[in-house]
Amino acid sequence: MKAKELRKKYLDFFVSKGHSVIGSAPLVPENDPTVLFTTAGMHPLVPFLLGHKHPNGQRLVNFQKCIRTGDIDEVGDPVHLTFFEMLGNWSLGDYFKKDAIEFSFEFLTSPKWLNLPMDKLAVTVFEGDSDAPFDEEAYNHWNRLGFKDNRISKRPKKDNWWGPAGQTGPCGPDTEMFFWTGPENEIPAVFTPDDKRWVEIWNDVFMQYNKTESGTYEPLSQQNVDTGMGVERVTSILQGKKSCYETELFQPLFDKIMELRKISGENLERSKRIIADHLRASTFIIADGVVPGNVDQSYVLRRLIRRSIREGRKLGIDCRFTHLVAEKVVDNYSDVYPELGANSGKIYEALSNEEDMFEKTLEKGIKEFEKLIGKVPPHIAHKVISGKNAFYLYETYGFPLELTEEMAKEKGFSVDKEGFDKAYQKHQELSRQGAEQKFKGGLADNSEMTTNLHTATHLLHESLRRVLGLHVSQKGSNITAERLRFDFSHPEKMTPEQLAKVEILVNEIIKKSIDIKCEETTVEDAKSKGAIGLFVERYGDKVKMYSIGDFSREICGGPHADNTLKLGNFKILKEESSSQGVRRIKAVLTK
Ligand code: SER
Numbered sequence: 151m152k153a154k155e156l157r158k159k160y161l162d163f164f165v166s167k168g169h170s171v172i173g174s175a176p177l178v179p180e181n182d183p184t185v186l187f188t189t190a191g192m193h194p195l196v197p198f199l200l201g202h203k204h205p206n207g208q209r210l211v212n213f214q215k216c217i218r219t220g221d222i223d224e225v226g227d228p229v230h231l232t233f234f235e236m237l238g239n240w241s242l243g244d245y246f247k248k249d250a251i252e253f254s255f256e257f258l259t260s261p262k263w264l265n266l267p268m269d270k271l272a273v274t275v276f277e278g279d280s281d282a283p284f285d286e287e288a289y290n291h292w293n294r295l296g297f298k299d300n301r302i303s304k305r306p307k308k309d310n311w312w313g314p315a316g317q318t319g320p321c322g323p324d325t326e327m328f329f330w331t332g333p334e335n336e337i338p339a340v341f342t343p344d345d346k347r348w349v350e351i352w353n354d355v356f357m358q359y360n361k362t363e364s365g366t367y368e369p370l371s372q373q374n375v376d377t378g379m380g381v382e383r384v385t386s387i388l389q390g391k392k393s394c395y396e397t398e399l400f401q402p403l404f405d406k407i408m409e410l411r412k413i414s415g416e417n418l419e420r421s422k423r424i425i426a427d428h429l430r431a432s433t434f435i436i437a438d439g440v441v442p443g444n445v446d447q448s449y450v451l452r453r454l455i456r457r458s459i460r461e462g463r464k465l466g467i468d469c470r471f472t473h474l475v476a477e478k479v480v481d482n483y484s485d486v487y488p489e490l491g492a493n494s495g496k497i498y499e500a501l502s503n504e505e506d507m508f509e510k511t512l513e514k515g516i517k518e519f520e521k522l523i524g525k526v527p528p529h530i531a532h533k534v535i536s537g538k539n540a541f542y543l544y545e546t547y548g549f550p551l552e553l554t555e556e557m558a559k560e561k562g563f564s565v566d567k568e569g570f571d572k573a574y575q576k577h578q579e580l581s582r583q584g585a586e587q588k589f590k591g592g593l594a595d596n597s598e599m600t601t602n603l604h605t606a607t608h609l610l611h612e613s614l615r616r617v618l619g620l621h622v623s624q625k626g627s628n629i630t631a632e633r634l635r636f637d638f639s640h641p642e643k644m645t646p647e648q649l650a651k652v653e654i655l656v657n658e659i660i661k662k663s664i665d666i667k668c669e670e671t672t673v674e675d676a677k678s679k680g681a682i683g684l685f686v687e688r689y690g691d692k693v694k695m696y697s698i699g700d701f702s703r704e705i706c707g708g709p710h711a712d713n714t715l716k717l718g719n720f721k722i723l724k725e726e727s728s729s730q731g732v733r734r735i736k737a738v739l740t741k
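Counting from 151, one number per residue, gives the positions in the sequence shown under the working numbering.
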């Protein structure tokens, strides 16, 4: 079964169980400053897991593109990926453990669906601790479906608990399904996930708690189900392949890399995987509007591209090549993710520019390297490049340690690897702290304030269009619990009069106490009704259109306040330049 068929079967199955199909959200979370990337299918749904009403109802299903960079150094082995797709079904306060487990069981074992043999399946459930009790209910449902005690493993929180994605937010015990990938005659009598030949294929999370800032677990007002099944992993299992890299999701990329390579490095497989993984991720990230740079998402992107270039050099690829691999990604996925086709020009350009830039820093780095070794007097017997200097080359010029070592060897130098590791680890700690800072506040920041600020952003957008003209369109939006920040196209500084007009207009609409309406519709219909909106091409067939009376109409993922009065008083704090032709407004809501 190909990935394409797996996606379709999954959607069809859950539609037959009353679920609505929703689109894959962008990789860069909209209006959520707490995480860099969408890391799981549930991530864009957090507001709805916390109780906001979803316009498509209480049963949802989709496939979602995700990025996880936590294991990035592991990429290159047969299983780790930076980009992956997750199939998921959700119950927003509708069905709970019984149905979720029965659905999973039927989809996995029924001859009509995946038809996996029962004797190769096993499950885990949460064993319980001082925060929450043993998940006896999940245990009993599996047991009733035919899983004996030796096929159900009880696990602690570190294995069988999901979330919150930030430090606070929705979470709960989960039950995970495993598939035996070893030889048939070696299936162990008693299942334990410690035997790595059992591979996790699906995770049903029972979200029944909200982790608060003080670290306590409070019952959620609604009980939700969040499930996740990795497309790459399950595709390879269904095809009896040892690794997802052996499936059609990667083969065309590998073929291209093999065509371009000049030498068979010792680590050919590893290099191939890193290049394919990193460039697949980069292609999707660029399609969602990111360009390589030095901060946040753009820095992650830069590292992915540069690492693939270095691996390419190891294979003797000496021309610009990243766009050629990206072409294969675009070919492979455009039917499912049309944003790739729509942005292909932009993708190839960004990759090629980054390759040019990297080449220049490489040249500079080589000069710097020569300066460094030139300082060592020739009569010294043990010539060593210090860890600090090796790290400097890594940090400033993107020199991997292996490259410094190779160059050092040619000149009769060795490298203080331990010193490098120390400097590197210190750096990692610092950047991890940085990452944690970003997660601080967590996804629970989908508080009433951020929702209200989101609605205020729509009012601001429309007011700017009415005061300044229809050339105004959104270039960026970022909301924290304190303020909104809105970037929009406009060629010059706004005058104090214009700012006052905009502020008055927004407040006038707020005072009219208008109910915010959300409709599910098609892009064409929304456009014909005059809706504005970003990223139209990203949303697949169905879109959500939010209307605030007949004042504003936008295609948007939500959530929004239900009535404008909730917003209170709107106040612009600042108007400034953001970049060429783009202005930025920061504004707040007060009581
Ligand atoms: N959120 C869970 C996961 O990522 C299930 O979707 O595994």
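Where a beta carbon is used, it is the ideal one built from N, C-alpha and C, also for glycine.
Rounded to a whole number of angstroms, what is the C-alpha to C-alpha distance between residue i and residue j?
{"i": "T607", "j": "L634", "result": "7 Å"}
{"i": "I660", "j": "G619", "result": "21 Å"}
{"i": "E155", "j": "V384", "result": "12 Å"}
{"i": "F284", "j": "H291", "result": "14 Å"}
{"i": "K667", "j": "S697", "result": "5 Å"}
{"i": "F404", "j": "G491", "result": "20 Å"}
{"i": "R347", "j": "I337", "result": "9 Å"}
{"i": "E632", "j": "A573", "result": "37 Å"}
{"i": "G690", "j": "V479", "result": "Confidence in G690 is poor, its pLDDT being 48 and thus under 50, which makes the residue's placement too unreliable to answer from."}
{"i": "K588", "j": "L429", "result": "Note that K588 has pLDDT 40, beneath the 50 cutoff, so the model's placement of it is unreliable and no number is given."}
{"i": "F434", "j": "P488", "result": "11 Å"}
{"i": "R733", "j": "K694", "result": "27 Å"}
{"i": "R688", "j": "W240", "result": "Per-residue confidence for R688 stands at a pLDDT of 42, beneath the threshold of 50, marking its modelled position as unreliable; the derived number appears in the next sentence. The alpha-carbon atoms of R688 and W240 are separated by roughly 21 Å."}
{"i": "G238", "j": "C321", "result": "16 Å"}
{"i": "A585", "j": "E669", "result": "Here the model assigns A585 a pLDDT of 44, short of 50, so the residue's position is not dependable, and the following value carries that caveat. When rounded, the distance between both Cα atoms is 36 Å."}
{"i": "K538", "j": "A558", "result": "15 Å"}
{"i": "S448", "j": "P314", "result": "25 Å"}
{"i": "E642", "j": "G415", "result": "55 Å"}
{"i": "H611", "j": "D637", "result": "9 Å"}
{"i": "W263", "j": "D700", "result": "46 Å"}
{"i": "A676", "j": "A288", "result": "43 Å"}
{"i": "S613", "j": "A540", "result": "54 Å"}
{"i": "T189", "j": "T318", "result": "16 Å"}
Starting from the Cα of residue i, find the closest Cα among the options and give me that residue.
{"i": "S458", "options": "S502, V486, L522 and D285", "result": "S502"}
{"i": "L242", "options": "L195, V656, H640 and L649", "result": "L195"}
{"i": "P343", "options": "F356, L370, Q317 and K308", "result": "K308"}
{"i": "R218", "options": "L186, K203 and E670", "result": "L186"}
{"i": "N374", "options": "K392, T433, A431 and V355", "result": "V355"}
{"i": "L451", "options": "L177, K152 and K741", "result": "L177"}
{"i": "L512", "options": "L543, S254 and H529", "result": "L543"}
{"i": "E649", "options": "N628, E726 and L717", "result": "Here the sequence assigns Leu to residue 649, which means Glu is not the residue at that position. The option with the nearest alpha carbon to L649 is E726."}
{"i": "R756", "options": "D227, G699, S639 and K736", "result": "With the chain covering 151 to 741 only, the question about residue 756 has no answer from this structure."}
{"i": "F329", "options": "W312, N265, I407 and G319", "result": "N265"}
{"i": "S678", "options": "R703, F233 and S623", "result": "R703"}
{"i": "I407", "options": "L551, E556 and D468", "result": "D468"}
{"i": "T546", "options": "R453, G569, S494 and S597", "result": "R453"}
{"i": "P646", "options": "L723, S393 and V165", "result": "L723"}
{"i": "T714", "options": "T605, N628 and H640", "result": "T605"}
Quick one: does the C-beta of residue i sit closer than 7 Å to a heavy atom of the ligand SER?
{"i": "A190", "result": "yes"}
{"i": "N353", "result": "yes"}
{"i": "D468", "result": "no"}
{"i": "D285", "result": "no"}
{"i": "D743", "result": "Given a span of 151 to 741 for the chain in the structure shown, any question on residue 743 remains unanswerable."}
{"i": "G322", "result": "no"}
{"i": "M268", "result": "no"}
{"i": "W312", "result": "yes"}
{"i": "G238", "result": "yes"}
Just list the residues that DSSP pairs residue i with in beta bridges.
{"i": "R635", "result": "N628 and K736"}
{"i": "Q214", "result": "M236"}
{"i": "F356", "result": "V375"}
{"i": "N719", "result": "T740"}
{"i": "E726", "result": "R734"}
{"i": "E670", "result": "K694"}
Since residue i and residue j are thought to touch, with beta carbons under 8 Å apart, how far apart are those beta carbons, to the nearest angstrom?
{"i": "T259", "j": "M268", "result": "6 Å"}
{"i": "V652", "j": "V617", "result": "5 Å"}
{"i": "A426", "j": "F400", "result": "5 Å"}
{"i": "F276", "j": "R301", "result": "The pair is not a contact, with the Cβ atoms about 16 Å apart (cut-off 8 Å)."}
{"i": "K567", "j": "L551", "result": "7 Å"}
{"i": "F508", "j": "R456", "result": "5 Å"}
{"i": "A737", "j": "N602", "result": "A737 to N602, Cβ: 12 Å. No contact."}
For the ligand NAD, is there a heavy atom less than 7 Å away from the beta-carbon of residue i?
{"i": "T377", "result": "This structure lacks the ligand NAD; the ligands present are the ligand SER."}
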